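The working numbering puts the first residue of the sequence shown at 76, with every later residue one more than the last. Cβ coordinates follow ideal geometry from the N, Cα and C atoms, glycine included. Just so it is clear, the structure is predicted and the values come from calculations on it, not from any experiment. Report on the following structure.
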Amino acid sequence: MTDTVSQTAPAADQPLLPLFYKNVQPLHGAAHARWRLKDGDASFAADTPFVPIVAGELAAAARDYPVVFASDSAQPLAILGLERRNLFIEDGRWLAGAYVPAYVRRYPFAFVATVNPDGFALAIDAGSERVVQAGEDSGDQGVALFENGEPSPLTKQALEFCAAFGREVELTALFTTALKEKDLLIDRRADATLPDGRKLGLDGFQIVDAEKFNALDDETVVAWHRQGILALVHHHLASLDRFRALLDRQTLPSAAAHASVTQSSPADASDTAKPNAPDVSAPPAEDPAGKPATQTKPRKA
């Protein structure tokens, strides 16, 4: 008898929050004057089998992970495991030498859309175990988020990182739009059988159709070469070979040779994990009273 691992998507009426985040709050000098951030590890991502990546890190991610596209949005995803487990985290630490996606490195910070004024502001996940809130018996744990009412060096650094990440999100959207306009994305699934008979599956993702890609017209090829899109597609296609390495990491070294992994169309699907893309930004939020200390200008589409 075999077991098939499955994942259940959140109910439609549940609030949509970015992956990892529990309670996103825009940062304000007055409201969060005494908040601090403690050191922490990557345990928050230990049960995550995939994370979103942006175009600028696709080449680096492709060296360690299969990179695919979510079927519902074409969001690029780095696959970290074939079940609800991140195979690159051991004892709370990311595996040495493996690329750590920017989405993971920015946590617990994020951007939120502000309503008045219209724009974006730095936010933090108040539900993170690393966040020490005002009124807690915390002493001097961690690093202050604000100093004398102004963003601390830590907060300024987080703001710059999240702003750069936001710009990359926009460039990534241009990349995936180009792929969709040429109808290059096709549905695929990955199935694996472990030595003990267990079956693992990953569904709900797309890859670039290599045949259609190789048949692109000369005008598109030249334009995509200049825009860097050709290189991104080549990195994506090469990364698909990492599924084999992912399975080897899933199984014991001595048994890896007896395990198998295949890619197929969704028509053969059984109950499997579905990597629907998490939002790479935070949800819109009304500003609390007072001016956001880290207000930024609106990002242009």
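Buried or exposed: residue 297, going by 16 or more other Cβ atoms within 10 Å of its Cβ?
-> exposed
Paired residues, beta bridge with residue 324 - DSSP = DSSP, once it has assigned bridges, lists no residue as partnering residue 324.
Would you call the CB atoms of residue 187 and residue 195 closer than 8 Å?
-> yes
At what residue ranges does the segment 220-305 contain a whole run of the beta strand (DSSP E), taking only runs of 3 or more?
-> 260-268, 274-283
If you compare alpha carbons, which of 267, 305, 248 is closest to residue 145?
-> 248
Please determine, among 182, 183, 105, 198, the residue with the shortest C-alpha to C-alpha distance to residue 44.
-> Coverage of the chain is limited to positions 76 through 376, which leaves residue 44 absent and any answer about it impossible.
Rounded straight-line distance, which links the Cα of residue 200 to that of residue 96 = 6 Å
Segment contact, 8 Å Cβ cut-off, at least three pairs: the segment 120-140 with the segment 215-227 = no
Proximity of residue 162 and residue 125 at Cβ, strictly below 8 Å | no
Locate the beta strand (DSSP E) running through residue 152, then write down its first and last residues.
-> 151-154
Do the segment 113-131 and the segment 228-235 touch if we need at least three Cβ pairs shorter than 8 Å?
-> no
Please go through the same chain and pick out, in chain order, the residues whose beta-carbon is closer than 8 Å to the beta-carbon of residue 167, but skip the five residues on each side of it.
-> 116, 117, 118, 121
For residue 343, which residues of its own chain have a beta-carbon under 6 Å away from its beta-carbon, when the five flanking residues on both sides are left out?
-> Note that residue 343 has pLDDT 43, beneath the 50 cutoff, so the model's placement of it is unreliable and no number is given.
Option in 132, 218, 170 with minimal Cα separation from residue 177 = 132
To which residues of the same chain is residue 110 closer than 7 Å at the C-beta, ignoring the five residues directly before and after it?
-> 206, 207, 208, 209, 220
Buried or exposed: where does residue 136 fall if 16 or more other Cβ atoms within 10 Å of its Cβ makes it buried?
-> buried
In whole angstroms, what is the alpha-carbon distance linking residue 128 and residue 152?
-> 6 Å
Proximal residues to residue 254 (C-beta, below 7 Å), its chain only, five neighbours per side dropped = 149, 260, 283
What three-state label does DSSP hand residue 158 in the structure shown?
-> coil
Close beta carbons around residue 251, own chain, < 6 Å, minus the five adjacent residues each side | 149
Three-state secondary structure (DSSP) of residue 204 | coil
By DSSP, does residue 112 sit in helix, in strand, or in coil?
-> strand
By Cβ distance below 7 Å, which residues in the same chain neighbour residue 169 in space, the five residues on each side in sequence not counted?
-> 117, 163, 175
Check whether the Cβ atoms of residue 289 and residue 202 sit closer than 8 Å, and answer yes or no.
-> no
How would you write the range of the beta strand (DSSP E) that residue 142 sits in, first residue to last?
-> 142-145
Would you kindly work out how many angstroms separate the C-alpha atoms of residue 165 and residue 171, rounded to a whole number?
-> 10 Å
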